[in-house]
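The opening residue of the sequence shown carries number 11 in the working numbering; numbering runs sequentially from there. Beta carbons are placed, not taken as given, at the ideal position from N, Cα and C, and that holds for glycine. Here the structure is a predicted model, which means the values were calculated and not measured. The next block holds one structure in the form of structure tokens; read it before the comments.
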Amino acid sequence: MTELTLFQENIRTFLPEIDLRFYEPMAKHTSFHIGGGAEVMAFPKNPEELAKILRVCKELNTVPVILGAGTNVLAPDEGIPGMVICLKDCLGGMERLDDTHIRVAAGVTMTRAALFAADLGLSGLEFAHGIPGTVGGGVYMNAGAYGGEISQVCVSVDVMDQQGNLSTYSAEQMEFSYRHSILEENGSVAVSSVFALVPKAEAEIRAKMKELMGKRSASQPLDLPSAGSAFKRPVGGYAGALIEQAGLKGYQIGGAAISTKHAGFAVNVDNATADDVKTLLQSVSDIVFEKSGIRLEPEVRIW
Numbered sequence: 011m012t013e014l015t016l017f018q019e020n021i022r023t024f025l026p027e028i029d030l031r032f033y034e035p036m037a038k039h040t041s042f043h044i045g046g047g048a049e050v051m052a053f054p055k056n057p058e059e060l061a062k063i064l065r066v067c068k069e070l071n072t073v074p075v076i077l078g079a080g081t082n083v084l085a086p087d088e089g090i091p092g093m094v095i096c097l098k099d100c101l102g103g104m105e106r107l108d109d110t111h112i113r114v115a116a117g118v119t120m121t122r123a124a125l126f127a128a129d130l131g132l133s134g135l136e137f138a139h140g141i142p143g144t145v146g147g148g149v150y151m152n153a154g155a156y157g158g159e160i161s162q163v164c165v166s167v168d169v170m171d172q173q174g175n176l177s178t179y180s181a182e183q184m185e186f187s188y189r190h191s192i193l194e195e196n197g198s199v200a201v202s203s204v205f206a207l208v209p210k211a212e213a214e215i216r217a218k219m220k221e222l223m224g225k226r227s228a229s230q231p232l233d234l235p236s237a238g239s240a241f242k243r244p245v246g247g248y249a250g251a252l253i254e255q256a257g258l259k260g261y262q263i264g265g266a267a268i269s270t271k272h273a274g275f276a277v278n279v280d281n282a283t284a285d286d287v288k289t290l291l292q293s294v295s296d297i298v299f300e301k302s303g304i305r306l307e308p309e310v311r312i313w
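Put into structure tokens, the structure is as follows:
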């Protein structure tokens, strides 16, 4: 049996009621299926447990890493020291607040949130139906697809700071921009979000979802492990088009490759390591820059 670190022993002592896992493989919790063991991974069942974890980490001088569904994350091969807090399927719950507003907890997937809205005959989250991440992750990075993004429907976010204190940010305070929010700067954790939607016939909403899912299935490599779009959309173009124009479809380093189906995706084709993916992204960025003068920046969060 692997000997516990001092941090693991302290966490187990201070948080006996929390679901904790030691040396939990990050590969089990990321869509890339890549990543070594987390020293400690915690699964809080409610905001009160999340607050306890954050406060203990503060006392132990450890800054925790927050994980949603792991669909936009590249975790390191050597694992992650300290604490990873996983919110997917932990911070759950959805409720209708009035005729046009719903509140969704951070651990709920974007797909479930979109389906909940559709069941209520509320439109505005159709774009989120095929996004595999959580609402918390979507708020954190202002996720979007097919012309829609979180900032268009989000009116407020309940957040928790590193001391475990809850507060509410308005959409303006979230400082949403392309794939960005203020949470990236201040280290606060999204706990739940309120969305403002528009009443519409459920059949129309579901038809739009079906249409977008059809586009996604036809164009994206959903059969291979990936983290969605590998690069941010550059000014004056599209990453996938620039990569394809550079002749890099199918370009492979180790077990990682640029998808032959959609050049905007990096995929794990053969037991890729994090180093394989990082080297691939850097190489593609360099080649595209050499050929087009446009520098591509990763959209994947590299831990």
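When only Cα atoms are considered, V167 and G257 end up about 42 angstroms apart.
The closest CA to that of A138, considering only D129, G146, M151, E159, is found on E159.
Note on V201: 16 or more other CB atoms within 10 angstroms of its CB, so buried under the neighbour-count rule. Separation of V208 and H111 (C-alpha to C-alpha, rounded to the nearest whole angstrom) is 9 angstroms. The alpha-carbon of L132 is positioned some 34 angstroms away from that of A273.
Residue burial annotation: V73 is exposed, with fewer than 16 other C-beta atoms found within 10 angstroms of its C-beta.
A direct Cα-to-Cα measurement between D285 and P86 gives close to 8 angstroms. Setting aside the 5 residues that flank it on each side, R243 is surrounded in the same chain by Y188, A249, each with a C-beta closer than 8 angstroms to its C-beta; the list follows chain order. For A115, the closest C-alpha among the options A237, G102, L306 is that of G102. The beta carbon of S295 sits closer than 6 angstroms to those of L306, all from its chain and outside the five residues before and after it, given in chain order. In the displayed model, I268 falls within a strand according to three-state DSSP. Assignment of N278 by DSSP, reduced to helix, strand and coil, places it in the strand class. Following the DSSP letters along the chain, one finds M104 in no alpha helix (DSSP H) but inside the beta strand (DSSP E) bounded by residues 104–106.
One Cα belongs to G247, the other to V94, and the distance between them is close to 36 angstroms. Secondary structure note for C164: its beta strand (DSSP E) is the uninterrupted segment 164–170. Beyond the five residues adjoining it in sequence on each side, D171 comes within less than 6 angstroms, by CB distance, of S198 in the same chain, given in chain order. I312 is bridged by DSSP to L84.
According to the DSSP assignment, A217 belongs to the alpha helix (DSSP H) that extends over 212–229. Counting only residues of its own chain and dropping the five nearest sequence neighbours on each side, G89 has a CB closer than 6 angstroms to the CB of G46, G47.
Listed in chain order, the non-local C-beta contacts of S229 below 8 angstroms within the same chain comprise K271, H272, local neighbours out to five positions each way being set aside. Three or more beta-carbon pairs drawn from the segment 209–220 and the segment 134–148 are found closer than 8 angstroms, and the two stretches are therefore classed as touching.
Within the same chain, V94 come within 6 angstroms of V75 by CB-CB distance, once the 5 residues on both sides are set aside.
Put simply, the backbone Cα of M184 is about 12 angstroms away from that of Q162.
Under a 10 Å Cβ-count criterion, K38 is classified as exposed, with fewer than 16 other Cβ atoms of the shown protein chains found around its own Cβ. Closest by C-alpha distance to E254, out of K225, D280, S302, is S302.
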